[in-house]
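Numbering (my numbering), first residue to last: 74 to 1115.
Notes to accompany the following structure.
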């Protein structure tokens, strides 16, 4: 073997480099073990203190563990090279969320609001209509918002100037008055990119202070989105607040409730007339009749009392009679009112149970005169919808009025406690701006109240802010001043005196001390990091609980070990000594792959582990090709050394072609996939490269070394020496029968697609998905019925709900479209509250171990990306095969076989969903499986085509069907052995890899089996049918070995 010394040196250096990269996990793990021990001890100590029995032990351990790691992150843990813990963590393989648990979100910067802000909220009709039209078009279009806005504005006002709207006093340098519309649109695109970059920087600052280990933040410039992964976090609501807060801080004076209630009452009456006009009219007539009768009785009483001609007894008798009539009438009215209580909501839509409860109670021992009322969290959306229908007049003509909810829900006391928000009325100056906002704040910090000791957020203002604050507090001594963050009231202190030094505090309401402290730290960090240039909204959210993560790790490791053992046993049983060499190469392949992943700081996910396991199965493909070629040469009477040299030489072309096409599908997976799918594409692509190196070079090095030492090596056993050697099947003669079989299956699938359809995952349809683990098995129909009643919109429409068993009788996957189109940031919390309400009636206890929310806008992009991914893959395969084999028929045959494979898989997904005990949803995982199947199928097809090309050169005068039969029979051993190893590996993953990826693996199981079938009966047969000459002479004359 040539260049052996160089190869040995390179392999040695590569081994050392991989050991070096993998060693970081070992040294960082030592400190993490100490952190867990110390955190557990501290948590136990805290729990042992009186009054702390209600604290969550796991949360305490996590908090102490993170604190220990932060305090020791600069400690040297790698003594040889002097690396600190932090540096080691930056260099090791990361665990993905599905292994470690945590939260992943995709945030979208709100470009519509950015455009409105840059336009100074101009009320120009064409501008406002273009914004509205672009928002609507964005729901179904893949174009960016500014492009859609440009098209809408041109259509609505083709002659109007955008510069007249955007060239304000503040933006004159960005949008000069003389700008053309095209220049304004270009500037808007630039401002959108600047906003995205600034948002990423601000979010990085917030997350760095959040205390999360190994966060991942990736900016997607083309889509204007930011992907964030936060391993290990548990508090979803806390993360949402930190990430979505624009940090828009404002200080407002407030109205007292006694000032506002009359105006609210008027709005309430107008709303009743608007929503229930017939009832309001009837109620008004009834009220007028009652009032008229009562007034008439009173008038008669006065007349009797004033009539001096009546005797005293007579006067008294008449008055008593009128009073009796009055009492009887009022009693009737009272009885009647009991029957009319069902109409209370029609009479008073805003006030009452399920709406705004007027402020009649005390909070924390004192009456809040600025609080108008209280409302359950789950009812605020309904109340907001009603308040948008009417205008509440300001009680003071000098000010406008704006109603604002509190930012934090409080819980009432008592047996039937509820989570509620408070409502306040803010005084809005005529210019619509607050007297103080975040621009005046120069510092924010977590602090403690000097009197009560409660956590607060302390803030300092600049000189201008201090001057205004002094005046504002002096004018409002004893009156509440609302401090709002992103339009929600975070605190409403009532200054007891004028504050001259520009200092202020945000109190955090009720709650346990730990949560108050966390909230104070988060809020101070958000304010210090600065305001976002435009609101950012979570459009894709995935949460994985730690218990599910631990289960995924266990399942992944078990499936990996079992698959490795099965493949290694198979190779030895079938190829004897050649199998042992292949196994050494296989172990080296996994080692190098893990080292490479570590050097890239890649995130390892459950699909990523599946990619490694699949690599194990596919890695033997090159070894199988080489071993089959060597066996062929040995059967022709060649010496072992010569057979080895020729085997490696003749197999090289097929190995390169097969792996180039397979690698292309992995690259497209990486390009179009997100999160776990990107991880799968990464491990699969790297696995292909490392497999090539170990199969071609390391195995050759071992065999050559052994032969040079005179040691024998065998590539078969006696029982399988000539297996498949004399195969002579007439594949082409029966190809029309197989056409018919495929056509029947695909036709049945197409019919099913139009009748049964597909079970679409939230990736494609948008929606919310929860995996709930019950303490006892529950009927899924009962779960669906209970949640259907819970997930009801404000207008009484039931949201769509599905429930299906997920990995066992005690786990249920729930999918719903409840409030998925609503842009309110509170919708996630409301949906979770509804989920808890629905599950509470099931009994036995339950916990949500994983959840996902996908906004419909991103689901459109995922569908579009899937179509592009599959289309690009098929196009690449056609071009590569047509060019490589210098024959367009080969390209058509290959692509039709790939389309056939994809249609078969789609057909079975449509036919079998709901009938099998695992999920068969169309989602990103399914697309990844289809692309993997395409990669494998083309791999198999290329090997067959490669041998066909060789046979066509050697048998130029024979008919193509005969030549194709000979070539396919000669590769039958390789085809069956490779398919068998891959199918065995996939079967292991399917059975042992966990329920999370069962549907994903099922698609690959079907696809690999069908791909093997199609490479023979579809791809090759199509080439024969497309060929017109009938003999091989038309094939390019240049020989190409395979």
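Backbone N, C-alpha and C fix where the C-beta goes; we use that ideal spot for every residue, glycine too.
In this text the structure is predicted, and so the values were computed from the model without any measurement.
Requested in this report: Per DSSP, which residues does residue 1119 bridge with? Please list them.
Outcome: Outside the shown range of the chain, which is 74 to 1115, sits residue 1119, and nothing can be said about it.
Requested in this report: Look at the Cβ atom of residue 148, then the Cβ atom of residue 109, and state whether they are nearer than 9 angstroms.
Outcome: Taking the chain shown and counting its residues from 1, the one referred to as residue 148 is at position 75. Taking the chain shown and counting its residues from 1, the one referred to as residue 109 is at position 36. No; because the gap between Cβ atoms is not below 9 angstroms, this pair is not in contact.
Report task. Say whether chain D places a C-beta atom closer than 9 angstroms to the C-beta of residue 511. Result -> The chain inventory of the structure shown lacks chain D, comprising one protein chain alone.
**Report entry** Own chain, CB closer than 6 angstroms to residue 865, minus 5 neighbours either side, in chain order
**Finding:** As a first step, residue 865 is located in the chain shown; it is residue number 792 there, counting from the start. Result list for residue 865: 871, in chain order.
Requested in this report: State the Cα-Cα distance for the pair residue 745 and residue 901, rounded to the nearest angstrom.
Outcome: Start at 1 with the first residue of the chain shown, and residue 745 comes out as number 672. Start at 1 with the first residue of the chain shown, and residue 901 comes out as number 828. For residue 745 and residue 901, the distance between alpha carbons rounds to 27 angstroms.
Requested in this report: Would you identify the three-state DSSP class for residue 232, choosing helix, strand or coil?
Outcome: Here residue 232 is taken as the residue at index 159 of the chain shown, counted from 1. Coil.
Requested in this report: For residue 1047, collect the residues of the same chain with a Cβ closer than 7 angstroms to its Cβ; drop the 5 residues on either side in sequence, then sort them by chain order.
Outcome: In the chain shown, counting from the first residue as 1, residue 1047 sits at position 974. 697, 698, 701 and 1016, listed in sequence order.
Query raised in the report: Ordered along the chain, which non-local residues of its own chain (more than five positions away) have a Cβ less than 6 angstroms from that of residue 546?
Result: In the chain shown, residue 546 corresponds to position 473, counting from 1. Closer than 6 angstroms at the Cβ level, and outside the excluded window around residue 546, lie 568, 571 and 572.
Query raised in the report: Does the stretch 907–927 come close enough to the stretch 839–846 to have 3 or more Cβ pairs within less than 8 angstroms?
Result: Yes: at least three Cβ pairs fall under 8 angstroms.
Report task. Within its chain, find whatever has a CB closer than 7 angstroms to the CB of residue 141; leave out the 5 residues flanking it on each side and keep chain order. Result -> Indexing the chain shown from 1 puts residue 141 at position 68. Answer for residue 141: 108, 111 and 112, listed in chain order.
Report task. With DSSP as the reference, please indicate the residues paired to residue 926 in a beta bridge. Result -> To locate residue 926, count along the chain shown from 1; it is residue 853. DSSP output for residue 926 lists 614 and 841 as bridge partner(s).
**Report entry** Three-state class that DSSP yields for residue 516 in the structure shown
**Finding:** For the purposes of this step, residue 516 is taken as residue 443 along the chain shown, with counting starting at 1. Of the three classes helix, strand and coil, the one that applies to residue 516 here is strand, per DSSP.
Query - Close beta carbons around residue 235, own chain, < 6 angstroms, minus the five adjacent residues each side - result: Counting from one through the chain shown, the residue named residue 235 turns up at place 162. Cβ neighbours of residue 235 beyond the five flanking positions: 254 and 257.
Query raised in the report: What separation, rounded to the nearest whole angstrom, lies between the Cα atoms of residue 957 and residue 213?
Result: Mapped onto the chain shown, residue 957 falls at position 884. Mapped onto the chain shown, residue 213 falls at position 140. Pairing residue 957 with residue 213, the inter-Cα distance amounts to about 39 angstroms.
Report task. Kindly identify the DSSP beta-bridge partner or partners of residue 430. Result -> Here residue 430 corresponds to residue number 357 of the chain shown, with the count starting at 1. Answer by DSSP bridge pairing, in chain order: 447.
Query raised in the report: Using the rule of at least 16 other Cβ atoms within 10 Å of the residue's Cβ for burial, across every protein chain shown, is residue 130 buried or exposed?
Result: Taking the chain shown and counting its residues from 1, the one referred to as residue 130 is at position 57. Classification of residue 130: exposed, given that the 10 Å Cβ count is below 16.
Query - residue 350 classed as buried or exposed, judged by whether at least 16 other C-beta atoms fall within 10 angstroms - result: If you number the chain shown from 1, residue 350 lands on position 277. Residue 350 should be labelled exposed.
Query raised in the report: Where does residue 107 sit, in a helix, a strand or coil, going by DSSP?
Result: To locate residue 107, count along the chain shown from 1; it is residue 34. Helix at residue 107.
**Report entry** residue 179 to residue 267 span [Cα, whole Å]
**Finding:** The residue given as residue 179 occupies position 106 in the chain shown. The residue given as residue 267 occupies position 194 in the chain shown. Distance between the alpha carbons of residue 179 and residue 267: 18 angstroms.
Report task. To the nearest angstrom, report how far apart residue 87 and residue 762 are at their CA atoms. Result -> Residue numbering aside, residue 87 sits at position 14 when the chain shown is read from its first letter. Residue numbering aside, residue 762 sits at position 689 when the chain shown is read from its first letter. The straight-line gap from Cα to Cα measures roughly 14 angstroms.
**Report entry** residue 690 and residue 1055 closer than 9 angstroms at C-beta
**Finding:** Within the chain shown, numbered from 1, the residue matching residue 690 stands at position 617. Within the chain shown, numbered from 1, the residue matching residue 1055 stands at position 982. Contact flag set, yes.
Report task. Give the DSSP bridge partners of residue 532, in chain order. Result -> Mapped onto the chain shown, residue 532 falls at position 459. For residue 532, which the question treats as bridged, DSSP gives the partners 517 and 577.
Query - Nearest candidate by alpha-carbon position, reference residue 343, set 423, 100, 777 and 302 - result: Position 270 of the chain shown, counted from the start, is the residue given in the question as residue 343. Considering only alpha carbons, the answer is 423.
Report task. Mind checking which residues open and close the beta strand (DSSP E) that includes residue 886? Result -> As a working note, residue 886 is residue 813 in the chain shown. Segment 884–889, the beta strand (DSSP E) holding residue 886.
Query raised in the report: Hey, out of 118, 176, 165 and 134, whose CA is closest to residue 925's CA?
Result: One-based indexing of the chain shown puts residue 925 at position 852. Distance from the Cα of residue 925 is smallest, within the candidate group 118, 176, 165 and 134, for 176.
Report task. Can you grab the Cα-Cα spacing for the pair residue 805 / residue 812, in whole Å? Result -> Position 732 of the chain shown, counting from 1, holds the residue named residue 805. Position 739 of the chain shown, counting from 1, holds the residue named residue 812. Taking the straight line from one Cα to the other gives about 11 angstroms.
Requested in this report: Output yes or no for whether 9 angstroms exceeds the beta carbon distance between residue 1044 and residue 737.
Outcome: Taking the chain shown and counting its residues from 1, the one referred to as residue 1044 is at position 971. Taking the chain shown and counting its residues from 1, the one referred to as residue 737 is at position 664. No, the Cβ-Cβ distance between residue 1044 and residue 737 is not below 9 angstroms.
Query raised in the report: If residue 607 and residue 321 are in contact, beta carbons under 8 angstroms, what's the gap, nearest whole angstrom?
Result: Here residue 607 refers to the residue found at position 534 when the chain shown is read from its first residue. Here residue 321 refers to the residue found at position 248 when the chain shown is read from its first residue. With a Cβ gap of about 11 angstroms, residue 607 and residue 321 do not count as contacting.
Query raised in the report: Among 329, 614 and 716, which one has its Cα closest to the Cα of residue 445?
Result: As a working mapping, residue 445 is identified with position 372 in the chain shown. Closest option to residue 445, Cα to Cα, is 329.
**Report entry** Completely contained beta strand (DSSP E) runs for the stretch 622–652, where each covers 3 or more residues
**Finding:** none
Query raised in the report: Exposed or buried, what is residue 827 when buried is set at 16 or more other beta-carbons lying within 10 Å of its beta-carbon?
Result: Within the chain shown, the letter at position 754 stands for residue 827. Flag for residue 827 reads exposed.
Report task. Can you say whether residue 304 is buried or exposed, counting buried as having 16 or more other CB atoms within 10 angstroms of its CB? Result -> By one-based count along the chain shown, residue 304 stands at place 231. Buried.
Query - residue 341 versus 836, 420 and 853, residue with shortest Cα-Cα distance - result: As a position in the chain shown, residue 341 is number 268, starting the count at 1. Ranking the options by Cα distance to residue 341, first place goes to 420.
Query raised in the report: What number of angstroms, rounded off, separates the C-alpha of residue 453 from the C-alpha of residue 862?
Result: Your numbering for residue 453 matches position 380 in the chain shown. Your numbering for residue 862 matches position 789 in the chain shown. Spanning the two alpha carbons is a distance of roughly 19 angstroms.
Query raised in the report: Which stretch, first to last residue, makes up the beta strand (DSSP E) that contains residue 314?
Result: As a working note, residue 314 is residue 241 in the chain shown. Unbroken run through residue 314 is the alpha helix (DSSP H), 309–317; no beta strand (DSSP E).
Query raised in the report: Can you name, in chain order, every residue of its own chain whose Cβ lies under 6 angstroms from the Cβ of residue 790, other than the five neighbours on each side?
Result: To locate residue 790, count along the chain shown from 1; it is residue 717. Around residue 790: 649.
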